[in-house]
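Here's the structure, in structure tokens; my notes come after.
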Amino acid sequence: MKRLFKALFAFTVAGIFAGQTSTACTNYIVTRGASKTGSVMITYSADSHVLYGELYYWPSRDYPDGAWLDVYEWDTGKYMGKIKQVRHTYSVVGNMNEHQLSIGETTYGGIEGLVDPDAIVDYGSLIYITLQRAKNAREAIKVMSELVSEYGYASSGESFSIADPNEAWIFEIIGKGKGNKGAVWVARLIPDGYVSGHANQARIQTFPLATGKKTGIALTSKDLGRIFDPVVECVYAHDVISFARTLKNPFTGTDQQFSFSDTYNPISFDGARFCEMRVWSFFKSVSNGMDQYKNYVSGHDLSKRMPLWIKPDRKISDYDLMNFMRDHLEGTEFDMRKDIGAGPFGSPYRWRPLTWKVSDDPNAPSYCNERATATQQTGFVFVAESRNWLPDPVGGIFWFGVDDAATTVFNPMYCGITEIPECFRAGNGDMVTYSPTSAFWLFNQVANMCYSRYDLMSADAVKLQNELESKYIAETAATDEAARKLYENDVWKARDYLTKYSVATAQSTFMNWKKLSEYLLVKYIDGNIKNEKDGKFATSPDGYPSGPRQPGYDDKWKKSVIQDTGNKLLVPGGPSH
């Protein structure tokens, strides 16, 4: 995912999309039977070096017959054209609508030459237009297919996570190039009790083909209405295989042998090491036996691909998913805190570029940095939680945070709210305009402070992070119940209550994080770490900081410095200053 996004809606006008591309997003998917509470959950990190983190919002609206919608490309702001508007649209908070439908994405690009320059609908528009028009995951797949069929698909290869209170699907799509309107795609239902994920690599390989029977588990886009048959577990474009036979490097096997990923986005070192690695990290956290795929995700053996979904060894909570999004490959041989590149303070980050050489010689070997789930260039991150035992405006919680997932706070934004907190509001600052009331700038300030002394400073941020998120999760049951009771008599009173709660929660996070930024500055200024007593910084009788610590560097780093400098820094024997 990418970019800066803003939206303005007039009577017949759509949003304005602007930004730059950078494929580094991550989606995890948890079905009802795999979650602790029976909710369906998806995650999303919207990663980009130029994406400004803000919480998008569209109110529900009614339109007259004949209304049109202007579409602007999400990544560039380019005007794409007009599409027909529907009579009624649903309200949308972030990537979740009022019916608890949520959609996330990761860009995989795919083989070259399949972007349609004449198409109107790009993948970003596809997400947010669909959220305004569909009530559930199956309807969303139908809407997405119809949109690209009628107006063309303007982006490269994309994987979508699509979830509602009962089901979760993975939907993978790619265009057909100039002069070929539409797209080829496959959507698969994640079996209940299983988890899945994707991170910039197409993952659907072979899939059930249409049987032509009503009870079949697959069907083609020529009969999309059948997607609402509950026995259907796979749906795909009618020409997904036949079009593959016309490619420059055509698919030549039988229909039963056809693999979407291997055809349209063949696995490579980059796809395994930089993309599948993040899915593997999630899978290994919930299931034993994932070490068998270690050579695959390292990029050294591409023959043994991971399954599209796995059955976890334990039930997964919303808090688990928040922490999975914070993963830096800790506890694995790929943990970046353990090599010299981490610097003296155990940084799990490496600044770009992702690959590098020691020499300018084009024949010199290339090296890489790892690409973990948590990354510094994140615009926003979410855990979307849909719960079928509650009314829709109450049941959907869009747990939302900005900037790096490792040092953000997930805030409960209920899907029925009608106002966005000021700190998350679109237009409150941008990537070149600082705003003192913007959560994105505040969380970046704290994160960038932590990057300078990660081993110590990040622990203070994580401590407050845990306190706030634990508090918000603990409040959920009472908040749900209060809203549910209001909903029984007046849905808008319930939505107003949830709006006030969500806004107050975000403001509480903002104020606490502001205090944290001040605390970190005072505590760690100039490498002198102040001592604390009874919740305050300790001072001597004359008012100076009491015994500030100067922890210095560990032995591993000292040895590296000696190896690099030889005797230049050696102190001669005898008394020293």
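Numbering (the working numbering), first residue to last: -8 to 568. Positions of the beta carbon are idealized from the N, C-alpha and C atoms, including for glycine.
Please report how far the alpha carbon of residue i lies from the alpha carbon of residue j, in whole angstroms.
| i | j | result |
| --- | --- | --- |
| Ala110 | Ile331 | 48 Å |
| Asn88 | Ile520 | 46 Å |
| Pro382 | Tyr478 | 8 Å |
| Glu523 | Asp451 | 13 Å |
| Pro579 | Glu466 | The question about residue 579 has no answer here: the residues shown for the chain are numbered -8 through 568. |
| Lys(-7) | Tyr47 | A caution first: Lys(-7) carries a pLDDT of 43, below 50, which makes its placement in the model unreliable, though a value can still be read off. One C-alpha to the other measures close to 15 Å. |
| Trp548 | Pro335 | 6 Å |
| Pro50 | Val84 | 9 Å |
| Lys167 | Ala497 | 43 Å |
| Ile388 | Ser187 | 20 Å |
| Phe249 | Gly170 | 24 Å |
| Gln397 | Val223 | The amino acid at residue 397 is misidentified as Gln; the sequence shows Ala. C-alpha separation (whole angstroms): 38 Å. |
| His365 | Gly392 | Per the sequence shown, residue 365 should be read as Ala rather than His. So the two alpha carbons sit approximately 13 Å from each other. |
| Ala58 | Lys75 | 6 Å |
| Ala495 | Gly72 | 39 Å |
| Phe260 | Tyr358 | 12 Å |
| His291 | Phe325 | 14 Å |
| Pro542 | Gly68 | 49 Å |
| Ala474 | Phe219 | 31 Å |
| Thr28 | Arg305 | 12 Å |
| Asn279 | Ala178 | 27 Å |
Along the beta strand (DSSP E) that carries residue i, what are the first and last residues, could you check?
| i | result |
| --- | --- |
| Pro571 | It is not possible to answer for residue 571, since the shown part of the chain is limited to -8 through 568. |
| Tyr63 | 59 to 63 |
| Trp160 | 159 to 166 |
| Leu569 | The chain is shown from -8 up to 568; residue 569 falls before or after that span and cannot be answered. |
| Tyr99 | 93 to 100 |
Find the nearest neighbour of residue i within the set the options, judged by alpha-carbon distance.
| i | options | result |
| --- | --- | --- |
| Thr34 | His189, Glu158, Lys69 | His189 |
| Glu361 | Pro303, Leu345, Trp432 | Leu345 |
| Ile118 | Glu103, Val288, Leu105, Ser150 | Ser150 |
| Ser449 | Leu511, Met502, Ser294 | Leu511 |
| Asp53 | Pro427, Ile553, Leu561, Arg78 | Arg78 |
| Thr424 | Cys359, Tyr227, Val41 | Val41 |
| Ser93 | Leu122, Asp421, Tyr284 | Leu122 |
| Gln196 | Ala15, Pro257, Lys549, Gly44 | Pro257 |
| Glu458 | Thr323, Gly115, Asn402 | Asn402 |
| Tyr445 | Pro412, Asn171, Asp230, Arg341 | Arg341 |
| Glu163 | Thr243, Trp176, Ile232, Asp471 | Trp176 |
| Ile408 | Gln91, Phe260, Ala468 | Gln91 |
| Thr500 | Tyr287, Glu413, Ala469 | Glu413 |
| Ser426 | Ile516, Glu45, Tyr144 | Glu45 |
| Arg540 | Lys514, Ala174, Asp546, Asp525 | Lys514 |
| Tyr442 | Asp395, Lys69, Met404 | Asp395 |
To which residues does DSSP link residue i through a beta bridge?
| i | result |
| --- | --- |
| His79 | Asp53 |
| Ile33 | Ile20, Ala375 |
| Leu46 | Arg416 |
| Arg575 | Residue 575 lies beyond the residue range present for the chain, which begins at -8 and ends at 568; the question has no answer from this structure. |
| His189 | Asn18 |
| Ala396 | None, per the DSSP bridge assignment. |
| Asn88 | Val83 |
| Cys359 | Thr346 |
| Val385 | Its beta-bridge partners do not exist; DSSP assigns none. |
| Glu149 | Thr98, Ile164 |
| Tyr70 | Tyr63 |
| Ser26 | Ile307 |
| Ala154 | Ser93, Ala159 |
If you follow the alpha helix (DSSP H) that residue i is part of, which residue opens it and which one closes it?
| i | result |
| --- | --- |
| Phe274 | 268 to 277 |
| Ile232 | 231 to 235 |
| Val226 | Taken as a continuous stretch (DSSP letters only), Val226 belongs to no alpha helix (DSSP H), being part of the beta strand (DSSP E) at 225 to 227. |
| Ala510 | It is worth fixing the name first, because residue 510 is Tyr in this sequence and not Ala. First-last of the alpha helix (DSSP H) with Tyr510: 482 to 515. |
| Thr137 | Residue 137 is actually Glu in this sequence, not Thr. Here the alpha helix (DSSP H) through Glu137 covers 128 to 142. |
| Leu117 | 114 to 124 |
| Trp432 | 430 to 443 |
| Trp548 | 546 to 556 |
| Val288 | 285 to 288 |
For residue i, count the other beta carbons within 10 Å of its own beta carbon; 16 or more makes it buried, fewer makes it exposed. Which is it?
| i | result |
| --- | --- |
| Thr237 | exposed |
| Gly534 | exposed |
| His319 | buried |
| Asp309 | buried |
| Gln456 | buried |
| Glu141 | exposed |
| Gly557 | exposed |
| Gly148 | buried |
| Gly95 | buried |
| Tyr544 | exposed |
| Ile553 | exposed |
| Pro384 | buried |
| Ile516 | exposed |
| Ser294 | exposed |
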